[in-house]
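Trainee:
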Amino acid sequence: MQSASEQSPQPEHAYPDHWEADVVLRDGGTARIRPITVDDAERLVSFYEQVSDESKYYRFFAPYPRLSAKDVHRFTHHDFVDRVGLAATVGGEFIATVRYDRINDQGRPASAPADEAEVAFLVQDAHQGRGVASALLEHIAAVARERGIRRFAAEVLPANNKMIKVFTDAGYTQKRSFEDGAVRLHLDLEPTDRSLAVQRAREQRAEARSVQRLLAPGSVAVIGAGRAPGGVGRTVLRNLLDSGYTGRVHAVNAALGEGPHELEGVPAFRSVADIGEPVDLAVVAVPAERVPEAVADCGEHGVRGLVVLSAGYAESGAEGRERQRALVRQARSYGMRIIGPNAFGIINTAESVRLNASLAPQMPVAGRIGLFTQSGAIGIALLAGLHRRGAGLSSFLSAGNRADVSGNDLLQHWYDDPATDVVLLYLESIGNPRKFTRLARRTAAVKPVVVVKGARHSGSAPPGHRVPVTRIPHATVSVLLRQAGVIRVDTVTELVDAGLLLADQPLPAGPRVAILGNSESLGLLTYDACLTEGLRPLRPLDLTTGAGPADFRAALTAALADDACDAVVVTAIPWVGENGATESGDGEVLAAALRSAVAAAPGPAKPVVVVHVEMGALAEALSAATRTRPAGPATPVAPAPAPATEPAAAASEEAAGQPPARGPIPAYPAAERAVRALAEAVRYAQWRRQTAADPGRVPEFEHIDETGAAALIERILGEPAVDARGVTLGTEDTLALLGRYGIEVLPTLPAPTPDDAVRAAARLGFPVALKTTAPHLRHRPDLGGVRLDLATEEQLRTAYAELTETLGKPEELQPVVQAMVPRGVDTVVRAAIDPAVGAVLSFGLAGAASELLGDMSHRLVPATDRDAADLVRSIRTAPLLFGWRGSAPVDTPALEELLLRVSRLVDDHPEVVAISLEPVVVAPRGLSVLGATVRLAPPPPRTDLGPRRLPSY
């Protein structure tokens, strides 16, 4: 396609380095997208020489064997406003380009305010089909919107089906026509729900595929495998071989001499280059100063991914952080992804792979749990704990410093991994909280996601982790994660406990719990634990200490058939034999009896857990069943197919109308642990039935002026006197901004003197309230700084005199007069931007309930109508809003609408970093906002919006 004719020289703008981005392509490899500059002439010519004649014809509509000097100049000289070119690079060389030229209504070169541009792509033939053009379209569209361009025009030959598909599949609103033998396309660049869905679906497929390439390599090279036994590299090599890995294994040691060598019975070489055949994954275990040489060796010879076990990076200080940045940049320049550095390794138990490229000495048994940790030490503990309890894994990854591959990438992979039913995550930091929440919510809708968060009280990021630090309490973070369907636990023991139940048992249909066993005391402990966790236990059934396996089987069979219960807890202590001696050695017999009862149970499956005291044989017998459980579909080695768009998880059995398979019965040494795990399953099942199935919607309201609010914010932040860190708005601007979103704040009039107070009251109309606004008295009616229902001038003057005599001079008190409103319940509505979590909407009752007791509820922005209803009802003092002790119920629909309007304002305008509405008096009919504070600041970067990109370094 011919671009717009050459324009006259225009002033050049500064190089826009924020347009640079690393992206994951459809096949799981990476590429770097950056603006094309005048220094790229040779790269452009070399790139063009490698494009086929057919592709050149599709681009220029005519044979075009080579670029002229004039072409090279035009395609490398841009002003970054009206003429922009982007290139996708791998190894520093171009693999694709895209450019736009701003045009007017006649298709001629133009400048702003013209808002249309002609766009054209060219992709090297060897890289077509990798999704390069789709990624470039996302980025060039974002650039165009930033520069005031609203539409793209493109001409494509009808035979160029691939390029037509790139445009039509993007999800933008478009028009299509056929003119002069070419297809003419017009794309509206305003993001739509469909374009966002397309972008996120492509992101999921690409990132899932990139993880799959790491977990299922066809060949592995261990770089740094020592000649003598011991050492990190040699240990990984030994573990790799002992696991029965089905692919090819190579050892690399730069200190080897000439000639053929072997280590642990596999071929050993001095470099990756000497191997002479493709290597998919390299495990790097050399000192940090030698890692760059190893990475270059891998990148230049087609290695797809790296597991960097080497330490000495960001966890060691400033020099290490810079070394880590350089490592990521170097690996990505070759299109490789990195696990680590300072990683523990990866494991894939699929029978067709059997990969243990880690420091774990024992290969876990195959199972349905996916495990991710950021700590090697915690990874060892979790692997040991799961193995001891008989739990099997589908895959395991310990990312160390998490410089590239993170928990978000694993969520993308496990979302539709048919071998994984439960996701367990140990996180010390969350690099992209908004994205994590979005991915966790989507994954939790089809399979449980259990998270334990380390370093939650330290107030700083763990060593080696470059992440924002939250300013909100740990309890609030937990609430927000639960909103996304995440099962939030506090310890690694609870992580294993919950994972074991969720992997092996069906989800409970409700909170009703049957308790049976041979100890009345243990049954009562279990009963109390159920009440503590918010469950509804039935009266415990005491089988007495003389009960045998047959008695347990009969009781469990009856409980499973009882429609009055949703789950069963079996408690067991050593029983008393005929001679009076305790019997604890028949655990296998009891385990068989319990499994038999579960297998024969009619109707919908119910979860069963066992609490045992001093019956290790029972726990071992129950866990042994896990090792015989049929494995899920095996993961192919390579080339692995791209994951499906929709998840094919084992949990989909329910959707297909088939009851989920009953797995082994999890056993716990304490009633509290068993019940806590069961309670988490109950809450998760309820979230999945209600919130996941119907998350609500973000409603549209009248009287919202988004454009007017944006102009007001731009004016305020553009004033020279505004601090770069932000500004708290004055009363006039606060009322104006909130008014743009239909939030009316009751006006207050200053009253520096009694006469001013009287004039203000006359203007507002009696009765009025007289309030102090001094910071130390604000929102503290208990200190006597508020006088209400002042119906006459005399009452007002008396109240004014009392305030000034008791609390201080008028200039200290800063008194104001405000009209009285209908009585109701005083509440507070807040919204704030947290650096680690994003925008958070909060609600509570004003005063001691929220400030002293912390009785506030929180939801992530944007809030849905369901979120707003839950906000109002989830505080402990919520009964005061619904007619507690005969009081009149307040207008909660009006309150929910206010919450949604505040959410919409913060979501539409990220410059609004804090809002506080206090008090909001909610009456039986309507509400009144009596006070408001708004703070603006330059918007923080939104890593969850815009074109997809990997975290930058």
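Take numbering that gives the first Met the number 0: the last position of the sequence shown gets the number 952, and nothing is skipped along the way. Here a beta-carbon is modelled for each residue, glycine too, at the ideal position from N, C-alpha and C.
Going by alpha carbons, who is nearest to A887 out of A68, E350, E896 and R924?
Mentor: Against the sequence shown, residue 887 aligns to sequence position 888. When only C-alpha atoms are compared, the closest one is R924.
Trainee: Using C-beta distances below 7 Å, list every residue in its chain close to H908, excluding the 5 sequence neighbours before and after it, in chain order.
Mentor: The residue given as residue 908 occupies position 909 in the sequence shown. Excluding positions up to five away in sequence, the list reads A708, A709 and I712.
Trainee: Got a sec, what are the start and stop residues for the beta strand (DSSP E) H611 sits in?
Mentor: Here residue 611 corresponds to residue number 612 of the sequence shown, with the count starting at 1. Looking at the DSSP string, the run of the beta strand (DSSP E) that includes H611 is V607 to H611.
Trainee: In whole angstroms, what is the alpha-carbon distance linking L589 and T543?
Mentor: The sequence position of residue 589 within the sequence shown is 590, counting from 1. The sequence position of residue 543 within the sequence shown is 544, counting from 1. For L589 and T543, the distance between alpha carbons rounds to 15 Å.
Trainee: Based on the DSSP output, what are the partners of E261 in its beta bridges?
Mentor: For the purposes of this step, residue 261 is taken as the residue at position 262 of the sequence shown. In the DSSP output, where bridge partners are listed per residue, E261 has P266.
Trainee: Say whether chain B places a C-beta atom closer than 8 Å to the C-beta of R934.
Mentor: No chain B is part of this structure, which consists of one protein chain only.
Trainee: Suppose the cutoff is 6 Å on Cβ atoms and the five residues either side in sequence are ignored; what does the same chain contact list for A660 look like?
Mentor: Against the sequence shown, residue 660 aligns to sequence position 661. Note that A660 scores 46 on pLDDT, short of 50, meaning its location in the model is unreliable and no value can be drawn from it.
Trainee: Do you know how far the Cα of A913 is from the Cα of T932?
Mentor: Start at 1 with the first residue of the sequence shown, and residue 932 comes out as number 933. Start at 1 with the first residue of the sequence shown, and residue 913 comes out as number 914. Spanning the two alpha carbons is a distance of roughly 8 Å.
Trainee: Report the residue from E117, A95, Y99 and V97 whose alpha carbon sits nearest the alpha carbon of Q105.
Mentor: One-based indexing of the sequence shown puts residue 105 at position 106. The candidate whose alpha carbon is nearest that of Q105 is E117.
Trainee: Sorry if obvious, but does the Cβ on I345 come closer than 7 Å to a heavy atom of the ligand MN?
Mentor: No copy of the ligand MN occurs in the structure displayed, which carries no ligand at all.
Trainee: Out of V307, D273, A310 and R324, point me to the one whose CA is closest to E299's CA.
Mentor: Taking the first residue of the sequence shown as 1, we reach residue 299 at position 300. For the residues V307, D273, A310 and R324, the minimum Cα distance to E299 belongs to D273.
Trainee: Judging by CA-CA distance, which residue of T234, L776 and M819 is the nearest neighbour of T805?
Mentor: The residue labelled residue 805 in the question sits at position 806 within the sequence shown. Looking at the Cα atoms, L776 is the closest of the given residues.
Trainee: Under 8 Å, with one C-beta from each stretch per pair, do the segment 19–39 and the segment 202–213 reach the 3-pair mark?
Mentor: yes
Trainee: Determine the DSSP secondary structure at A633, reduced to helix, strand or coil.
Mentor: Residue mapping note: residue 633 aligns to position 634 of the sequence shown, counting from 1. Below a pLDDT of 50, predicted positions are generally treated as unreliable, and A633, at 34, falls in that range; the measurement from the model is reported next regardless. Of the three classes helix, strand and coil, the one that applies to A633 here is coil, per DSSP.
Trainee: Around the C-beta of G243, are 16 or more other C-beta atoms found within 10 angstroms, so that it is buried, or is it exposed?
Mentor: Indexing the sequence shown from 1 puts residue 243 at position 244. So G243 ends up on the exposed side.
Trainee: Tell me D541's beta-bridge partners as DSSP assigns them.
Mentor: For this step, residue 541 is matched to residue 542 along the sequence shown. The partner list for D541 (beta bridge, DSSP) reads G516.
Trainee: Can you tell me the Cα-Cα spacing of A250 and A295, whole angstroms?
Mentor: Residue 250 sits at position 251 when you count from the first residue of the sequence shown. Residue 295 sits at position 296 when you count from the first residue of the sequence shown. Taking the straight line from one Cα to the other gives about 17 Å.
Trainee: Residues in its own chain within less than 7 Å of G319 by CB, not counting five upstream and five downstream?
Mentor: For the purposes of this step, residue 319 is taken as the residue at position 320 of the sequence shown. So the list reads G311, Y312 and A313, once near-sequence residues are dropped.
Trainee: Taking DSSP as the reference, what is the three-state secondary structure of K446?
Mentor: Position 447 of the sequence shown holds residue 446. Of the three classes helix, strand and coil, the one that applies to K446 here is coil, per DSSP.
Trainee: State buried or exposed for P937, treating a residue as buried only when at least 16 other CB atoms are found within 10 Å of its CB.
Mentor: For the purposes of this step, residue 937 is identified with residue 938 of the sequence shown, where counting begins at 1. The residue is exposed, with fewer than 16 neighbouring Cβ atoms inside 10 Å.
Trainee: Going along the chain, which residues of its own chain have a beta-carbon closer than 7 Å to the beta-carbon of A818, five neighbours each way excluded?
Mentor: Position 819 of the sequence shown, counted from the first residue, corresponds to residue 818. Excluding positions up to five away in sequence, the list reads L745, L763, G764 and V767.
Trainee: Taking the alpha carbon of A483 as the reference point, which residue from R786, H17 and V860 has its own alpha carbon closest?
Mentor: Locating residue 483 in the sequence shown gives position 484, counting from the first residue. Answer by Cα proximity: V860.
Trainee: Using only the alpha-carbon positions, how far apart do L308 and P698 sit?
Mentor: In the sequence shown, the residue the question calls residue 308 occupies position 309. In the sequence shown, the residue the question calls residue 698 occupies position 699. L308 and P698: Cα-Cα distance of roughly 49 Å.
Trainee: Taking only three categories from DSSP, how would you classify A649?
Mentor: Sequence index remark: in the sequence shown, residue 649 carries index 650 (1-based). Residue placement at A649 is poorly supported in this model, since its pLDDT is 39, which falls under 50; the coordinates still yield a value, given next. The answer is coil: DSSP assigns A649 none of H, G, I, E or B.
Trainee: Which of the three DSSP states is assigned to A152 in this structure?
Mentor: In the sequence shown, counting from the first residue as 1, residue 152 sits at position 153. Correct three-state label for A152: strand.
Trainee: Taking the alpha helix (DSSP H) that T957 belongs to, which residues open and close that run?
Mentor: Nothing can be reported for residue 957: it is not among the residues displayed for the chain, which extend from 0 to 952.
Trainee: Anyone know if the C-beta pair for D749 and V820 falls short of 8 Å?
Mentor: Start at 1 with the first residue of the sequence shown, and residue 749 comes out as number 750. Start at 1 with the first residue of the sequence shown, and residue 820 comes out as number 821. Before going on, a small fix: residue 749 reads as Pro here, not Asp. No, the Cβ-Cβ distance between P749 and V820 is not below 8 Å.
Trainee: On the three-pair Cβ rule with 8 Å, is the segment 69–79 touching the segment 170–184?
Mentor: no
Trainee: At which residues does the beta strand (DSSP E) containing E178 begin and terminate?
Mentor: The residue labelled residue 178 in the question sits at position 179 within the sequence shown. Where E178 is concerned, the enclosing beta strand (DSSP E) stretches over T172 to E178.
Trainee: Between the alpha carbons of R758 and P809, how many angstroms are there, rounded?
Mentor: Taking the first residue of the sequence shown as position 1, residue 758 is located at position 759. Taking the first residue of the sequence shown as position 1, residue 809 is located at position 810. Between R758 and P809, the C-alpha separation is close to 16 Å.
Trainee: Helix, strand or coil for P834 per DSSP?
Mentor: In the sequence shown, counting from the first residue as 1, residue 834 sits at position 835. It is coil, neither helix nor strand.
Trainee: On the DSSP bridge assignment, give the partners of M855 in chain order.
Mentor: Within the sequence shown, numbered from 1, the residue matching residue 855 stands at position 856. G843.
Trainee: Determine the closest residue to G400 out of L926, L769, L880 and T372, with distance taken between C-alpha atoms.
Mentor: Looking up residue 400 in the sequence shown gives position 401. Note on identity: in this sequence residue 400 is Asn, with Gly being the wrong assignment. Nearest C-alpha to N400: T372.
Trainee: Roughly how many angstroms separate the alpha carbons of V306 and V283, rounded to a whole number?
Mentor: What you label residue 306 is simply residue 307 of the sequence shown in a count that begins at 1. What you label residue 283 is simply residue 284 of the sequence shown in a count that begins at 1. Looking at the two C-alpha atoms, the distance is approximately 6 Å.
Trainee: Taking E493 as the reference, which of P918, V449 and G170 has the closest Cα?
Mentor: Taking the sequence shown and counting its residues from 1, one reaches residue 493 at position 494. The shortest CA-to-CA distance from E493 to any of P918, V449 and G170 is the one to V449.
Trainee: Just to confirm, are G339 and A398 a CB contact at a threshold of 8 Å?
Mentor: Locating residue 339 in the sequence shown gives position 340, counting from the first residue. Locating residue 398 in the sequence shown gives position 399, counting from the first residue. Yes, they are a contact pair.
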